[in-house]
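J.: Respectively, the protein sequence lines represent chains A and B. The numbering used here numbers the first residue of the first sequence as 802 and each following residue consecutively. The numbering used here numbers the first residue of the second sequence as 275 and each following residue consecutively. We treat Cβ as the ideally placed atom computed from N, Cα and C, and that holds for glycine. In this text the structure is predicted, and so the values were computed from the model without any measurement. Take a look at the following structure, please.
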Amino acid sequence: MLIGISLISFFIMHLAPGDITNNEAAFNPKASEESRQKLREMYNLDKPIIVQYGLWLKRMATLDFGKSFASHQKPVFWQTTDKDGNITKGLIQEALPITLMINLLGLAITLTLAIPLGIIAARKYMGWQDRSITLFNFIGFSIPSFWLSLLLMYWLGVVNNWFPISGMHSLNYESLDTWGKLKDSLSHLFLPVVIPSITGLAGITLFVKNGMLDVLQQDYITTARAKGLNEHQVVYTHALRNALLPLITIIGLSIPGLIGGSVIAETIFAIPGMGKLFYDAVLMRDFPVVMGILTIGSALTLLGNLLADIAYAWADPRVRRGVARG
Amino acid sequence: MIENQLHHIKIIIAASLIALLTACHDSNIGGETKEKLNENYANESGGTLISAMTGEPSGLISMIAGESASSAISSNIFNSLLKYNKNLDLEGDLVEGWQISDDQKTITFTLKPNLKWADNQPITSADVLFTWQAVTDEKTASPYASDFQLVKKAETPDPRTFKVTYDQAYAPALDSWAGLQILPKHLLAGQDLHTTAFARNPVGSHYYKLDGWAHGEYLKLSRNPNSVLGQAKIDKLITRIIPDNSAQFLELMADNIDTMGLDPIKYSRIIPARPELQQKLGLYKELGNSYTYMGFNLKHKPFDDVRVRQAINYAIDKQEIIDGVYLGLGINIASPYKPGTRWSNPNLSPYPYNPAKAHELLKQAGFTDTNGDGILERDGKPFAFEIVTNQNKEREKSAVLIQRRLKEVGIDVKIRAIEWASFISRFIKTGDFDVVVLGWGLGLDPDQYNIWHSSQQAPGQFNFIGYHNPKVDKLLEAGRLELNPDKRMKIYHEFAQVLLEDSPIVYLSAGYGLTAIHKRVKGIDNPAPPAGIGHNSQDWYIPTPLRRNEMAAN
């Protein structure tokens, strides 16, 4: 599976016209064609694609993701130590935790808001609560997030000096105490985390609401009500658990997005995450970085799907029994 | 393409937002602060200057990195042998003087006495020799090697003398030594320049040294006590990496950064419309060493005909492009040199907008509208071509204005804008284009052999328009051999004149570089001298009362 993915991405990437020597900085009359040729030889770009793929596969067999062409040959994946003990951190090693943290926080916020909102909307179906939640979702879904970002950056960062506008840390971060550091990080994370959650809220809320509506009409809910259980028990013990099952699939599907990051959000907020790394690498034709991200991304996605399946089996006894029988 | 459009939309939205919201908030800089910013202050050292750039340097060895983000930082850390002064004349940087031998083939540089690296080791001619060996080394893929490969022999007769000998006189040599940042041998000998950790932890000799580098966030420089040129006034330079221009501007408005490069809309519309920004920001413009042009593929018909090229030149209204695309912040040029410098020929004037003349020339070249559809034909074929350009807002807009003007004289133009790497490898390298809109960013030396000499037409070389003029070839060769600046100037004046008559390209405009700097920074030369406002940045100072809260800015 992974080899298939890597093969396809390798060839698509190399089909795109140009290579690292065609970047805009190289379009300088002082830069000679010989020096570009030298670079091409250095990176084996003068060899046929199939040979380049072979070389890449050979390195991958030892889990060596290689070095970036563009970023002073930083390692693509994990840090290396040279003979003098200088540590050079890997590009993905630096970018992935940032993106994961932002997206996981965002997902957590989305879920904590979407589930209650979805339940309320389902229980008060067609009531004013449902209508206002639907309206809110509709707006959240329609607003382009970069526009909302700039608006909030202006309002919260420039007009009122409440939140930092961009970046990950204040410039005096190192001199803060632990509490100060935490506060500083959280205030920098506020906008990049909250804005995508707002726009992401709409889909999940709708999903929970519809799942809940479905379940509430099932016979066993009628049974539960007939048994004389109170509304709270009916909704939260019997209905919710069943209504949330499909959500596991949704979260499983969102895993590639969790690792991939968003180019636009990361660019606006000056966050050195995965989306920006990948986008720049494609523009620079930095093949090792593109391939490294695609490989690690697909590996993590496959892993995520597996976890989602396991979680499904754990949450739903019917699936488990099906597996045992099969 | 999508990204580009998004960017576009973002700018429009940011602009409208700013216009909308200006009305409804109290500016945090009141009249009192305004007075404070404009008072006279004693010139004193200290303080921090925070700037922003869109891309992160890949490393700080600029001969390897090659990108502008890298040299923007490394030029504060490393010295070269020579430098350009405020009037763009060469003077010593690390050297106190240099001699050119009578046959013009040997240059002898004498280093200033008692120079030291930031780590207290002496700077000697061995470091210079090491740097030359590094840039010309077989294993080093430096884009700038070609100038230095012409050095036949490099010697260090004593620790303060460095002597280079060329096969024949090479006039751009001095400029090339002003561009090569000298690296410390004692830290780099035996290392691979492409991977060395030194690139992220450099030791130099200039005003500043690197204090910290947070990946994707900022680089911090602080004053180098061993600086070979004396001490700079400002203590610390912090450069934040903010990829998005609108976000940079918001940071500037919120006073989190002191300076940024502007686009024409911000310079001439947004900032002047907001009094509180105008009060705290100084706006500066300077001519860059670059220009935008429309180039013909001279190997394709009908662009091999000089009358056709001149006709198109007359048919395009350059002032309209400058006013419409650059909001007036550019100038019309007639030679490929920065106006106002020695190399630019003051007697030349650009082709005026003259559609009647264009019609006449096209008619002479055999183009007439035989079927009355408004498009000219020759031999039954309509005059139509495609302008190819990369995805650059200004160039795309210029192409649209050109399209309209050429339609008026009966030429049917289509426009195609594509991503840079594809553009270069599919169109420029293969020579598979009719007309391009592109720009040249040039060095300070007048030599343009690589762009115009007929020998430079192979794929990947820079005379991709296929220009071939024996007279120009001869002038370019002569210009490389002449080290006397006055004689050299005459050669390039003549070169520019031939080029203008031949019209292988249409000069569209030379745009101004636009910068905003917070008024707390004093000592800036305005208007900018030929070398630009940054030429004396070591003398800029920030008076104590105007400094940021240093705790917060550290």
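Could you tell me which residues DSSP pairs with D432 (chain B) in its beta bridges?
T.: Note: D432 (chain B) sits in a beta bridge opposite B:T435.
J.: Touch check for the segment 500-512 of chain B and the segment 418-438 of chain B: three-plus C-beta pairs under 8 angstroms?
T.: no
J.: Taking 8 angstroms as the threshold, find out whether the segment 886-899 of chain A comes into contact with the segment 1055-1074 of chain A through three or more Cβ pairs.
T.: yes
J.: At a CB distance below 7 angstroms, what residues from the segment 937-960 of chain A approach chain B? Give them in sequence order.
T.: F947, W948, L951, L952, M954, Y955, G958, V959, V960
J.: Within the 7 angstroms Cβ cut-off, does F736 (chain B) reach chain A?
T.: yes
J.: Contact defined as beta carbons within less than 8 angstroms: I believe R474 (chain B) pairs with W487 (chain B). What is the distance between those atoms, to the nearest angstrom?
T.: 6 angstroms
J.: Against M843 (chain A), what residues of chain B qualify as contacts under a CB-to-CB distance less than 9 angstroms, listed in chain order?
T.: K413, A415, H468, listed in chain order.
J.: One question on the structure: do T1006 (chain A) and N938 (chain A) come within less than 7 angstroms of each other, judged by their Cβ atoms?
T.: Taking a C-beta distance under 7 angstroms as the contact criterion, T1006 (chain A) and N938 (chain A) qualify as a contact pair.
J.: If you check the beta carbons only, do V477 (chain B) and P499 (chain B) fall under 7 angstroms apart?
T.: No, the Cβ-Cβ distance between V477 (chain B) and P499 (chain B) is not below 7 angstroms.
J.: Can you give the beta carbon distance from E330 (chain B) to I515 (chain B), rounded, assuming they're within the 8 angstroms contact cut?
T.: 5 angstroms
J.: Suppose you measure from the CA of G928 (chain A) to the CA of T1038 (chain A); what does that come to, to the nearest Å?
T.: Per the coordinates, the alpha-carbon of G928 (chain A) lies some 23 angstroms from the alpha-carbon of T1038 (chain A).
J.: Hey, how far is the Cα of Y600 (chain B) from the Cα of E668 (chain B)?
T.: 8 angstroms
J.: Helix, strand or coil: which one does DSSP assign to I1094 (chain A)?
T.: helix
J.: Would the segment 318-329 of chain B count as touching the segment 339-358 of chain B if we require 3 or more Cβ pairs under 8 angstroms?
T.: yes
J.: Within its chain, find whatever has a CB closer than 8 angstroms to the CB of G305 (chain B); leave out the 5 residues flanking it on each side and keep chain order.
T.: At G305 (chain B) the pLDDT is 44, less than 50, meaning the model places this residue with poor confidence; the figure from the coordinates comes in the next sentence. So the list is empty, once near-sequence residues are dropped.
J.: Rounded to the nearest angstrom, what separates V1064 (chain A) and I531 (chain B) at their Cα positions?
T.: Computed Cα separation, rounded: 23 angstroms.
J.: Taking only runs that begin and end inside the segment 536-581 of chain B, name each unbroken beta strand (DSSP E) of 3 or more residues, in chain order.
T.: 555-561, 564-570
J.: Please state the DSSP three-state secondary structure of G366 (chain B).
T.: Looking at G366 (chain B) - three-state DSSP - the assignment turns out to be strand.
J.: Give me, in chain order, the residues of the same chain whose beta-carbon lies closer than 7 angstroms to that of W879 (chain A); leave out the 5 immediate sequence neighbours on both sides.
T.: The beta carbon of W879 (chain A) sits closer than 7 angstroms to those of G891, Q894, all from its chain and outside the five residues before and after it, given in chain order.
J.: Note down the Cα distance separating T704 (chain B) from G734 (chain B), rounded to an integer number of angstroms.
T.: Answer to the nearest angstrom: the Cα atoms are 9 angstroms apart.
J.: Is I903 (chain A) close to chain B, meaning its C-beta is less than 7 angstroms from at least one C-beta of that chain?
T.: no
J.: Quickly, what does DSSP pair D686 (chain B) with across the bridge? List them, please.
T.: B:A658
J.: State the DSSP-derived secondary structure class of A826 (chain B), mapped to helix, strand or coil.
T.: Model confidence at A826 (chain B) stands at a pLDDT of 48, short of 50, so the residue's coordinates are unreliable; what they give is reported in the following sentence. Looking at A826 (chain B) - three-state DSSP - the assignment turns out to be helix.
J.: Does the count of Cβ pairs from the segment 427-446 of chain B and the segment 850-860 of chain A closer than 8 angstroms reach three?
T.: no
J.: Under 6 angstroms Cβ to Cβ from N563 (chain B), same chain only, skipping five residues before and after it: list those, please.
T.: K612, L716
J.: How many Å lie between Q373 (chain B) and D449 (chain B) at the Cα?
T.: 14 angstroms
J.: Closer than 7 angstroms, Cβ to any Cβ of chain A: which residues of the segment 510-532 of chain B, in chain order?
T.: I512, R514, I515, I516, P517, D518, S520, A521, L524, E525, M527, A528, N530
J.: Could you give the DSSP three-state label for P396 (chain B): helix, strand or coil?
T.: strand
J.: Could you confirm whether any beta carbon from chain B is found closer than 7 angstroms to the beta carbon of L1030 (chain A)?
T.: no
J.: Within 10 angstroms of the Cβ of G602 (chain B), are there 16 or more other Cβ atoms? Answer buried if so, exposed if not.
T.: exposed
J.: Looking at T435 (chain B): is its Cβ nearer than 7 angstroms to the Cβ of S399 (chain B)?
T.: yes
J.: Using the C-alpha atoms, what's the distance from G1053 (chain A) back to A1112 (chain A)?
T.: 9 angstroms
J.: Would I725 (chain B) pass as an interface residue toward chain A - the criterion being a Cβ-Cβ separation below 7 angstroms?
T.: Answer yes: the Cβ-Cβ gap between I725 (chain B) and chain A drops below 7 angstroms somewhere.
J.: Of all the alpha helix (DSSP H) runs that stay within the bounds of the segment 990-1059 of chain A, which reach a length of 4 or more residues?
T.: Within the segment 990-1059 of chain A, the complete alpha helix (DSSP H) runs of at least 4 residues are 1020-1027.
J.: Check whether the Cβ atoms of Y567 (chain B) and Y781 (chain B) lie closer than 7 angstroms to each other.
T.: yes
J.: What residues from chain B crowd round I1111 (chain A), counting only those whose CB sits closer than 9 angstroms?
T.: In chain order: nothing, as chain B lies at least about 35 angstroms away.
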